[in-house]
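For the sequence shown, my numbering assigns the number 867 to the last residue and increments by one with no breaks.
Below you'll find the structure, written out as structure tokens, and then a few comments.
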Amino acid sequence: MPTAIAITRYQGMDALELLAPDGARATVLLHGGHLVSWVPAGGEEQLYLSPKSEFASGQAIRGGVPVIFPQFSGRGPLQRHGFARGKPWQLVLAEQGEDDALAVLRLSDDAATRMFWPHAFELELSVRVAGQSLEIELACENKGDTPLSFTAALHSYLRVDELNEASVQGLSGLHYWDSVANVERQQRTDLLLPGTPGTEDLDRIYYQVKQDLTLLEQRGTAERRLQIRQQGFDDAVLWNPGAAKCAQLADMPPEGYRQMLCIEAAAIERPVDVAPGETWAGLQSFTLLQSGQSA
Ligand SMILES: O=P(O)(O)OC[C@H]1O[C@H](O)[C@H](O)[C@@H](O)[C@@H]1O
Numbered sequence: 573m574p575t576a577i578a579i580t581r582y583q584g585m586d587a588l589e590l591l592a593p594d595g596a597r598a599t600v601l602l603h604g605g606h607l608v609s610w611v612p613a614g615g616e617e618q619l620y621l622s623p624k625s626e627f628a629s630g631q632a633i634r635g636g637v638p639v640i641f642p643q644f645s646g647r648g649p650l651q652r653h654g655f656a657r658g659k660p661w662q663l664v665l666a667e668q669g670e671d672d673a674l675a676v677l678r679l680s681d682d683a684a685t686r687m688f689w690p691h692a693f694e695l696e697l698s699v700r701v702a703g704q705s706l707e708i709e710l711a712c713e714n715k716g717d718t719p720l721s722f723t724a725a726l727h728s729y730l731r732v733d734e735l736n737e738a739s740v741q742g743l744s745g746l747h748y749w750d751s752v753a754n755v756e757r758q759q760r761t762d763l764l765l766p767g768t769p770g771t772e773d774l775d776r777i778y779y780q781v782k783q784d785l786t787l788l789e790q791r792g793t794a795e796r797r798l799q800i801r802q803q804g805f806d807d808a809v810l811w812n813p814g815a816a817k818c819a820q821l822a823d824m825p826p827e828g829y830r831q832m833l834c835i836e837a838a839a840i841e842r843p844v845d846v847a848p849g850e851t852w853a854g855l856q857s858f859t860l861l862q863s864g865q866s867a
């Protein structure tokens, strides 16, 4: 029988501390449906959370996994990255199972969302941890009687010890929109080295990402390998603010950009269309293949 997990507090906010029987852990806030921590069984923290982040109602948290909905970035008339990350979500279910722990949260339209975005919808976020893996699923049901269309992302901030030692594998051959240079390009190299050129920001939307990506990090003689898989989301965003832009972010320490890399599962280039009564779902999952921790 699954055991129910009670709501606790984290940084003054309602939270769920998911704990799988094998020790894998994750923390999800009801605020924004925001995942702020993931620790695989026997391992260490895999997500970056800024020590200068705000934790306040209506505000975006810097780090973890913000849920971006129904608008990515400034691509539309709504507030940047949409409203879902600043709203209180409802708890549907949180439990420890035989070999995992699972939380399901829900966000529905209300008078405030309908003022900016006139649609009846139900978003459901499911977070599951077990062993070396984390799965995050976002589903959107159209509860209205007209079609709805949105862009979205699971804006995952991955923690790295040192950006200069990190690379991303699996993007080779893909076309991407370079949001810094405002130009479309094609990825030619197998490895993307986000730490070079170093002070500049990296902000790219890779299209039609079908294959797994791997975050590689050299840690002395050991290597960390984190596999990232997505389904339902066509695009992947890679973002690091670099030194100059990081210095302008009030909720980041000046050197914070060196400890993070966002690898986001996203639907941007082709917005998601959902017919009345239909449901769309997108998934991002992570598996730590090799931790790079010293024995
Ligand atoms: O500062 P935020 O609103 O959270 O956005 C943080 C970042 O999100 C995405 O990765 C975008 O591609 C970036 O252009 C943006 O800077």
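Heads up, the beta-carbon is just placed ideally off N, CA and C, and yes, glycines get one too.
Note that the structure is predicted; figures quoted are calculated from it, not measured.
Checklist entry - Looking at F805 and Q741, is the spacing between their C-beta atoms short of 9 angstroms? => result No. Outside cutoff.
Checklist entry - Quick one: Cα of A802 to Cα of G854, how far? => result According to the sequence displayed, residue 802 carries Gln and not Ala. For Q802 and G854, the distance between alpha carbons rounds to 7 angstroms.
Next on the checklist: Closer than 8 angstroms to a non-hydrogen atom of ligand 1 - does that hold for the CB of P868?
Outcome noted: Because the chain here runs from 573 to 867, residue 868 falls outside it and cannot be looked at.
Item to check | Among L710, L788, P843 and L774, the one whose alpha carbon lies nearest that of L763 | outcome: Here the closest residue by C-alpha is L788.
Checklist entry - For the stretch 664–710, which segments carrying the beta strand (DSSP E) assignment without a break, of at least 3 residues, lie completely within its bounds, in sequence order? => result For the beta strand (DSSP E) assignment, the uninterrupted runs of no fewer than 3 residues enclosed by the stretch 664–710 are, from N- to C-terminal side, 673–680 and 693–702.
Next on the checklist: If you reduce the DSSP assignment to three classes, tell me which class A632 lands in.
Outcome noted: Three-state result, A632: coil.
Item to check | beta strand (DSSP E) segment containing G854, residue limits | outcome: T851 to Q862 is the span of the beta strand (DSSP E), which, as asked, contains G854.
Checklist entry - Can you find a heavy atom of ligand 1 that lies under 8 angstroms from the Cβ of R634? => result Taking non-hydrogen atoms of ligand 1 into account, the C-beta of R634 is found less than 8 angstroms away from one of them.
Item to check | Residue closest to F693, alpha-carbon to alpha-carbon, out of L720, A596, L833 and Y729 | outcome: Answer by Cα proximity: L720.
Next on the checklist: Applying the 10 Å Cβ sphere with the 16-neighbour rule, what's the burial state of H606?
Outcome noted: Counting the other Cβ atoms within 10 Å of the Cβ of H606 gives 16 or more, which makes it buried.
Checklist entry - Just to confirm, does L821 get its C-beta within under 8 angstroms of one of the non-hydrogen atoms of ligand 1? => result Yes, Cβ of L821 sits closer than 8 angstroms to a heavy atom of ligand 1.
Next on the checklist: E667 and L674 - do their beta-carbons sit closer together than 9 angstroms?
Outcome noted: Taking a C-beta distance under 9 angstroms as the contact criterion, L674 and E667 qualify as a contact pair.
Next on the checklist: In whole angstroms, give me the CA-to-CA distance for G636 and A837.
Outcome noted: For the pair G636 and A837, the Cα-to-Cα distance works out to about 14 angstroms.
Checklist entry - Who does L764 pair with in a DSSP beta bridge? => result Paired residue(s): V740.
Checklist entry - Can you find a heavy atom of ligand 1 that lies under 8 angstroms from the Cβ of I800? => result No, Cβ of I800 sits at least 8 angstroms from all heavy atoms of ligand 1.
Checklist entry - Opposite A808 in the DSSP bridges: which residues? => result A808 is bridged by DSSP to Y778 and A837.
Checklist entry - Quick one: does the C-beta of S751 sit closer than 8 angstroms to a heavy atom of ligand 1? => result Yes, since a heavy atom of ligand 1 falls inside the 8 angstroms radius drawn around the Cβ of S751.
Checklist entry - Any contact of the stretch 703–721 with the stretch 731–750, i.e. 3+ C-beta pairs under 8 angstroms? => result Contact check between the stretch 703–721 and the stretch 731–750: fewer than three CB pairs, one atom from each, fall below 8 angstroms, which does not count as touching.
Checklist entry - Bridge partners of H747, per DSSP? => result H747 is bridged to Q758.
Next on the checklist: For N714 and G849, which I take to be in contact (beta-carbon distance under 8 angstroms), what is that distance rounded to the nearest angstrom?
Outcome noted: In this structure N714 touches G849 by the C-beta definition: roughly 6 angstroms separates them, less than 8 angstroms.
Next on the checklist: Starting from A815, trace the alpha helix (DSSP H) in both directions and tell me its first and last residue.
Outcome noted: From DSSP, the alpha helix (DSSP H) with A815 extends over G814 to A819.
Checklist entry - Just the Cα atoms here: how many angstroms apart are D594 and G615? => result Cα to Cα, the separation comes out at about 11 angstroms.
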